[in-house]
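Numbering (my numbering), first residue to last: 80 to 292. Read through the structure below, which is laid out as structure tokens, and then see the notes.
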Amino acid sequence: MQDQPHSGTRTVQVEIYADVICPWCYIGKRRLDLAFAERPEISPAYVWRAFLLNPTMPVAGMDRAAYLSAKFGNSAAAVYGRIAAAGLDSGIDFRFDAITRTPDSRLAHRMLIAAGTDNAKLSEAIYSAYFIEGRDIGDPETLTEIADSFGMPGLVTAAADEAIGRQLEHHLSNANRMRLDGVPYFIFAGKYAIAGAHLPEHLVPAIDAAAAA
Numbered sequence: 080m081q082d083q084p085h086s087g088t089r090t091v092q093v094e095i096y097a098d099v100i101c102p103w104c105y106i107g108k109r110r111l112d113l114a115f116a117e118r119p120e121i122s123p124a125y126v127w128r129a130f131l132l133n134p135t136m137p138v139a140g141m142d143r144a145a146y147l148s149a150k151f152g153n154s155a156a157a158v159y160g161r162i163a164a165a166g167l168d169s170g171i172d173f174r175f176d177a178i179t180r181t182p183d184s185r186l187a188h189r190m191l192i193a194a195g196t197d198n199a200k201l202s203e204a205i206y207s208a209y210f211i212e213g214r215d216i217g218d219p220e221t222l223t224e225i226a227d228s229f230g231m232p233g234l235v236t237a238a239a240d241e242a243i244g245r246q247l248e249h250h251l252s253n254a255n256r257m258r259l260d261g262v263p264y265f266i267f268a269g270k271y272a273i274a275g276a277h278l279p280e281h282l283v284p285a286i287d288a289a290a291a292a
């Protein structure tokens, strides 16, 4: 698991609109970490904001092959080949072949919201479980195991609280209000927004501007 740096003397808040079943979001988060590593005097304070790539996904998820066929048709292999190559450049060895189900990510989002300031580290654990280990992160038992291994037992129970559900809906409503049609989407210090999984060198200027604001 790759942790965010904490050695900086200044802190920049970054709101991360993402979905844990989005491979570009995983790549974008890693590239954001690498961008902050270029500025060791600045520490990030990541704030998770939920986004759903598949808002109509059934709670039980769906068969992965059927999902890919419905979404990408015959181009799925080419699409994911490009993603895999970008992942390797960011230190992620995607195992798309290990994924058998595309899950509903709502419960995972609720866990991330419930995790508070640990959400960025927990997102790495969830991303890894899904994209590297091929685990079903829509399954409550799987998420419980992830939370336990992360040192936060009871997190799934905490995520079931109605207040967490309201926060999730608030995130989704904000994303809709901002007309987000894709993720990742980063907001630095509440002022500078960048859409997409840009290379670290393209993110550093936003970090500098936010730190100087």
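Every residue, glycine too, gets a C-beta built ideally from N, C-alpha and C. Note that the structure is predicted; figures quoted are calculated from it, not measured.
Do you know how far the Cα of residue j is from the Cα of residue i?
i, j, result
"ASP98", "ASP112", "17 Å"
"ARG128", "MET141", "24 Å"
"TYR125", "THR196", "8 Å"
"ALA139", "ARG180", "9 Å"
"TYR209", "LEU186", "14 Å"
"TYR96", "ALA254", "8 Å"
"ILE211", "ALA193", "24 Å"
"THR236", "LEU222", "11 Å"
"ARG89", "HIS277", "23 Å"
"PRO182", "TYR146", "10 Å"
"LEU234", "ALA226", "6 Å"
"VAL283", "MET190", "29 Å"
"ARG143", "ILE178", "7 Å"
"ARG110", "GLY275", "11 Å"
"ALA149", "VAL93", "34 Å"
"PHE130", "LEU251", "6 Å"
"GLY244", "VAL158", "33 Å"
"MET80", "PHE229", "Any answer about MET80 is weak, because its pLDDT of 41 lies below 50 and its placement is not dependable; what the coordinates show is given next. The alpha-carbon atoms of MET80 and PHE229 are separated by roughly 10 Å."
"GLU203", "THR135", "25 Å"
"GLY261", "PRO232", "32 Å"
"SER154", "GLY213", "21 Å"
"GLN83", "ASP218", "For GLN83, the predicted structure reports a pLDDT of 47, less than 50, and the residue's modelled location is therefore unreliable. A value from the coordinates is still provided. Approximately 27 Å between the Cα atoms of the pair."
"GLU224", "ILE205", "11 Å"
"ARG256", "HIS249", "10 Å"
"GLY269", "ILE216", "30 Å"
"ALA242", "ARG161", "39 Å"
"LYS200", "SER207", "11 Å"
"ILE198", "HIS281", "The residue you asked about is not Ile; residue 198 is Asn in the sequence shown. Cα-Cα distance, rounded: 24 Å."
"ALA116", "ILE273", "18 Å"
"PRO263", "ALA156", "22 Å"
"ALA239", "PRO137", "18 Å"
Inspect the beta-carbon positions of residue i and residue j and report whether they are closer than 8 Å.
i, j, result
"ALA114", "ILE286", "yes"
"HIS188", "LEU132", "no"
"PHE173", "PRO279", "no"
"VAL91", "PRO119", "no"
"SER184", "ILE121", "no"
Going by the C-beta, is residue i closer than 7 Å to any heavy atom of the ligand COA?
i, result
"ARG89", "By its list of ligands, the structure shown contains no ligand whatsoever, and the ligand COA lies outside what it can speak to."
With a cut-off of 8 Å on the beta carbons, I'd call residue i and residue j a contact; round off their distance for me.
i, j, result
"ALA288", "TYR271", "6 Å"
"PHE175", "ALA163", "7 Å"
Can at least three beta-carbon pairs, one atom from the segment 103 to 110 and one from the segment 161 to 179, be found at a separation below 8 Å? Result yes; three or more Cβ-Cβ pairs closer than 8 Å.
Beta strand (DSSP E) segments (min. 3 residues) lying fully within the segment 140 to 212: Unbroken beta strand (DSSP E) stretches of 3 residues or longer found wholly inside the segment 140 to 212: none.
Could you give the uninterrupted runs of the alpha helix (DSSP H) lying entirely in the segment 214 to 247, keeping only those of 4 residues or more? Along the segment 214 to 247, the alpha helix (DSSP H) occurs as fully enclosed runs of 4 or more residues at 219 to 228 and 234 to 238, listed in sequence order.
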